[in-house]
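K.L.:
Residue numbers (the working numbering): 37 to 392.
By construction, the Cβ of each residue, glycine as well, lies at the ideal position given by its N, Cα and C atoms.
Computed from a predicted model, the values in this text were never measured in an experiment.
Quick one: this structure, given as structure tokens, is what I'll be asking you about.
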Ligand code: IPM
Ligand code: MN
């Protein structure tokens with residue numbers, strides 16, 4: 037028996053995690069995975085119920101689980117909540133609490149969606165890259181000051197810092213990832229300006245000595261942002277810090293046609309967590325039109341990395357691809373005039389289940 041803690045969170049989180057659990061149940065029936073689910077609150081929903089975004093009980097349940105499936109948190113409803121109680125603190129607290137140091141964000145362009153990208157089809161067809169984002173350090177978790185008066189002006193500050201062990205750990209995982217893919221690693225930093233980036237680059241170069249079979253290059257983050265549009269096929273694995281990885285992964289998501297399709301795995305030393313890279317989309321919450329595929333593909337990553345159920349993972353991934361190839365489209369990827377069948381969250385889930 038494997039225990040999965042499911043955290044729907046806020047906004048569309050409820051709908052998309054429900055979909056992913058449906059799909060997992062279908063895969064379970066077919067591949068005898070013996071999965072068990074426990075649902076827990078986090079985010080604004082937990083704040084409304086308990087006055088805190090990440091109840092102790094939720095964190096403890098995650099620590100005792102084999103894997104965590106997470107929806108999304110946040111929404112303008114909680115815009116005026118104190119900084120330390122904001123819904124986003126739930127996911128940040130889970131990352132820290134479970135020590136989820138590496139976030140894998142694959143961007144694999146599905147053939148039937150090349151025309152959905154704002155980039156030219158010949159640029160995006162065949163793109164298959166993964167961003168390895170450091171997830172528990174950097175400016176996200178450095179000291180900060182919300183407000184202070186200095187020289188008669190109000191100011192705020194956030195401190196970026198990285199230690200050598202923190203960079204070593206993520207770099208090793210990125211090299212290992214590149215080694216079993218196409219053997220190419222791009223490290224992204226801002227070493228022409230930032231001290232943390234210079235330490236990052238030195239550390240990556242040192243680790244590289246143990247991975248002579250992987251080709252390493254370095255890019256500044258501004259150049260990398262441009263290269264992702266100009267020639268995304270040059271990338272195999274990209275390793276970068278927390279903030280740069282956050283920004284570049286949203287950018288890279290559009291290569292594949294919609295952020296709604298993009299999964300992620302946050303790898304920890306014990307439990308790992310899986311979530312789509314998109315947010316809680318409060319504007320479409322409860323309407324039944326959200327694309328559940330990012331969460332469903334995250335569930336496939338869960339089966340692969342936490343439960344080592346590779347066949348079941350692949351069957352979910354190919355069911356998603358077939359559903360798209362057969363012309364089914366949620367609103368985010370639908371366009372008139374192509375004979376597409378427009379579907380909502382529930383129908384998308386059913387079509388995917390049918391193809392497992
Ligand atoms: C993400 C999100 C989070 C982040 C937010 C919700 C705190 O944008 O997972 O990329 O910035 O890491
Ligand atoms: Mn983000």
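Go through its chain and collect everything with a Cβ distance to residue 260's Cβ below 6 Å, but skip five positions before and after it.
P.N.:
224
K.L.:
Using the C-alpha atoms, what's the distance from residue 57 back to residue 325?
P.N.:
17 Å
K.L.:
By the 10 Å Cβ neighbour count, where 16 or more other Cβ atoms means buried, how is residue 296 classified, buried or exposed?
P.N.:
buried
K.L.:
Can you tell me the Cβ-Cβ gap for residue 313 and residue 330, rounded? I've got them flagged as a contact below 8 Å.
P.N.:
Indeed, because the Cβ distance is near 7 Å, the residues count as touching under 8 Å.
K.L.:
Please specify which runs of the beta strand (DSSP E), each continuous and at least 3 residues long, are wholly inside the stretch 237-294, giving them in chain order.
P.N.:
251-256 and 273-276
K.L.:
Would you mind reading off the limits of the beta strand (DSSP E) that contains residue 183?
P.N.:
180-186
K.L.:
Using a Cβ-Cβ cut-off of 7 Å (strictly less than) and excluding sequence neighbours within five positions of residue 119, which residues of its own chain qualify?
P.N.:
182
K.L.:
Which residue's Cα is closest to the Cα of residue 205: 169, 194, 215 and 230?
P.N.:
The residue among 169, 194, 215 and 230 with its C-alpha nearest the C-alpha of residue 205 is 169.
K.L.:
Mapping DSSP to helix, strand and coil, what is residue 118?
P.N.:
coil
K.L.:
In angstroms with no decimal places, state the Cα-to-Cα distance between residue 365 and residue 55.
P.N.:
So the alpha carbons of these two residues sit roughly 15 Å apart.
K.L.:
For residue 358 and residue 346, what's the separation of their Cα atoms in angstroms?
P.N.:
18 Å
K.L.:
Which stretch, first to last residue, makes up the beta strand (DSSP E) that contains residue 169?
P.N.:
Note, residue 169: beta strand (DSSP E), 164-170.
K.L.:
On the CB-based measure, 16 or more other CB atoms within 10 Å of its CB, does residue 180 come out buried or exposed?
P.N.:
By the Cβ neighbour-count rule, residue 180 is exposed, with fewer than 16 other Cβ atoms within 10 Å of its own.
K.L.:
Would residue 90 pass as a contact of residue 129 if the rule is Cβ separation under 8 Å?
P.N.:
yes
K.L.:
If you measure between the beta carbons of residue 309 and residue 316, is that distance less than 8 Å?
P.N.:
no
K.L.:
Please name the residue or residues paired with residue 190 in a DSSP beta bridge.
P.N.:
185
K.L.:
Can you tell me the Cα-Cα spacing of residue 242 and residue 229, whole angstroms?
P.N.:
Each residue's alpha carbon lies about 21 Å from the other.
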